[in-house]
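Residue numbers (full-length UniProt numbering): 1 to 393.
Below, the structure written as structure tokens:
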């Protein structure tokens, strides 16, 4: 048997049917996944894309499809819609599907379909049809590829998937250019090396699309679970457990030549707000104060909710003057916000402790000492910060 790749001929109908089965298997798995699950827009969009792509290859498997213009047009329209939805789902999973992306996909999908139909009606040549479809799919891929590759702090999975899609994108652009060269055959319906490579590429795209989407969805779900486990859902601050873990790591890694400061704060007369105006009012105060503190702190600082109206701040590499300045800025910002219930505006009291550069203090001791400082601030009249030095011993 002659195994020369130039002479290997593949049965198109068999290949298209295998593609149909691949997409239908994905549909079946998604149906099983969606059963009794919370509705996920990305999964629903991907699910619709697989149906459209399966329908595309069913139509493509018709032996005489190139002789039926309407059937050929319908198949390629379904393909463009399917790719549009799949890339939208992919972009949603990697966190880049915003209002601008929605507008782009809506308009470009319409433009690509009209461009293909226009070519089919006014200048029906195979080269131009391939140009429009290949270029359209390449453009659909640009937003998710850019998001996966260019986004800072990207994961290895996202980066590798992005580069794999980039290879496909470049291949599509090459096909777009070659389709305009009359002497170069780029049709999937003509036996030869290009046809074989095209079928192999189709399988790789299907495999990458299905596997990549599932893995990226799992990665996103893991991030969401980690966020739920690490952050307070009302204020967006770290919960006590996460704050403690992160703070311990920061203190252990602290430069011996640099100090660090710990601030414990709570809201003055918070119980009166809850009792007098309800828990909704108390929640509003907590949300606003947490927003103010978060907007003031640098990214290197930690901010967490310890419970009730008690919050903690860790300022790495901040000495007495720096921590006093941050505390005063927070106090003034909260006071100027004037979250009023009755005649009084909400204020905060703070206890500050600074660890000298030559000391290593356990986090539990920092909390205990800052709690003493907070108690002193309340004794002095509230709406202020007080400081307690760390005892030697």
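The beta carbon of each residue, even a glycine, is placed where N, CA and C say it ideally should be.
Rounded to the nearest angstrom, what separates residue 208 and residue 93 at their Cα positions? 15 Å
Would you call the CB atoms of residue 202 and residue 168 closer than 8 Å? no
How many whole angstroms separate the CB atoms of residue 326 and residue 347, which I take to be in contact at a CB cut-off of 8 Å? Actually they do not touch by this definition, with Cβ atoms about 17 Å apart.
Out of 281, 284, 311, 278, point me to the one whose CA is closest to residue 293's CA. 311
I'd like the list of long-range same chain contacts for residue 265, defined as Cβ closer than 6 Å, with 5 residues on each side in sequence excluded. 311, 348, 350
For the beta strand (DSSP E) containing residue 319, list its first residue and its last residue. That residue, residue 319, is in no beta strand (DSSP E); it is neither H nor E in DSSP.
Contact belief for residue 314 with residue 302 at Cβ below 8 Å, rounded distance in angstroms: 4 Å
Verify whether the separation of the beta carbon atoms of residue 143 and residue 96 is less than 8 Å. yes
Could you tell me the boundaries of the alpha helix (DSSP H) in which residue 349 lies? Premise fails: residue 349 lies in the beta strand (DSSP E), 348 to 355, not in any alpha helix (DSSP H).
Assuming residue 130 and residue 175 are in contact, meaning their beta carbons sit under 8 Å apart, how far apart are those beta carbons, in whole angstroms? 7 Å
Taking just the CA atoms, how far does residue 98 sit from residue 210? About 23 Å.
Can you tell me where the alpha helix (DSSP H) with residue 275 in it begins and where it stops? 270 to 277
Straight-line gap, residue 290 to residue 362 (C-alpha atoms, nearest Å): Approximately 25 Å, taken between the alpha carbons.
Who are the Cβ neighbours of residue 47 in its own chain at under 6 Å, not counting the five residues just before and after it? 30
Pull up the CB-CB distance for residue 89 and residue 49, whole angstroms please, since I reckon it's below 8 Å. 6 Å
Which value, in whole angstroms, describes the spacing of the CA atoms of residue 343 and residue 247? Any reading at residue 343 must be qualified, since the residue scores a pLDDT of 44, below 50, and its modelled position is unreliable; the value itself is stated next. So the two alpha carbons sit approximately 38 Å from each other.
For residue 281 and residue 272, the rounded distance between their alpha carbons: Straight through space, the alpha carbons of residue 281 and residue 272 are spaced by roughly 11 Å.
By DSSP, does residue 311 sit in helix, in strand, or in coil? Three-state DSSP puts residue 311 in a strand.
Note down the Cα distance separating residue 145 from residue 114, rounded to an integer number of angstroms. So the alpha carbons of these two residues sit roughly 25 Å apart.
Which same chain residues end up closer than 8 Å to residue 124 when comparing Cβ atoms and leaving out the 5 residues on each side of it in sequence? 69
Which residues in the same chain as residue 120 place their Cβ atom closer than 8 Å to its Cβ, once the five residues preceding and following it in sequence are excluded? 69, 72, 73, 129
Between the alpha carbons of residue 8 and residue 153, how many angstroms are there, rounded? Unreliable placement is indicated for residue 8, whose pLDDT of 44 sits below 50; no coordinate value is reported for it.
Assigned secondary structure, residue 215 (DSSP; H/G/I helix, E/B strand, else coil): helix
State the CB to CB distance for the pair residue 133 and residue 180, rounded to an integer number of angstroms; the pair is presumed to be in contact (CB under 8 Å). Between residue 180 and residue 133 the Cβ distance is about 13 Å, and since that is not below 8 Å, they are no contact.
CA nearest to the CA of residue 57, picked from 84, 21, 43: Looking at the Cα atoms, 21 is the closest of the given residues.
Consider the C-beta atom of residue 331 and the heavy atoms of the ligand FAD; say whether any pair is separated by less than 7 Å. Of ligands this structure carries none, so the ligand FAD is not represented either.
Could you give the residue range of the alpha helix (DSSP H) that holds residue 363? First-last of the alpha helix (DSSP H) with residue 363: 363 to 379.
For residue 304: DSSP bridge partner residues: When beta bridges are read from the DSSP output, residue 304 appears opposite 238, 312.
Any idea what DSSP makes of residue 180, helix, strand or coil? coil
Taking Cβ to Cβ, would you say residue 61 is nearer than 8 Å to residue 17? yes
Go ahead and pull the three-state DSSP assignment for residue 267. strand
Can you tell me whether DSSP reads residue 105 as helix, strand or coil? Reduced to three states, the DSSP call for residue 105 is helix.
With H, G and I counted as helix, E and B as strand and the rest as coil, what does DSSP make of residue 123? coil
Cα-Cα separation, residue 51 to residue 75: 12 Å
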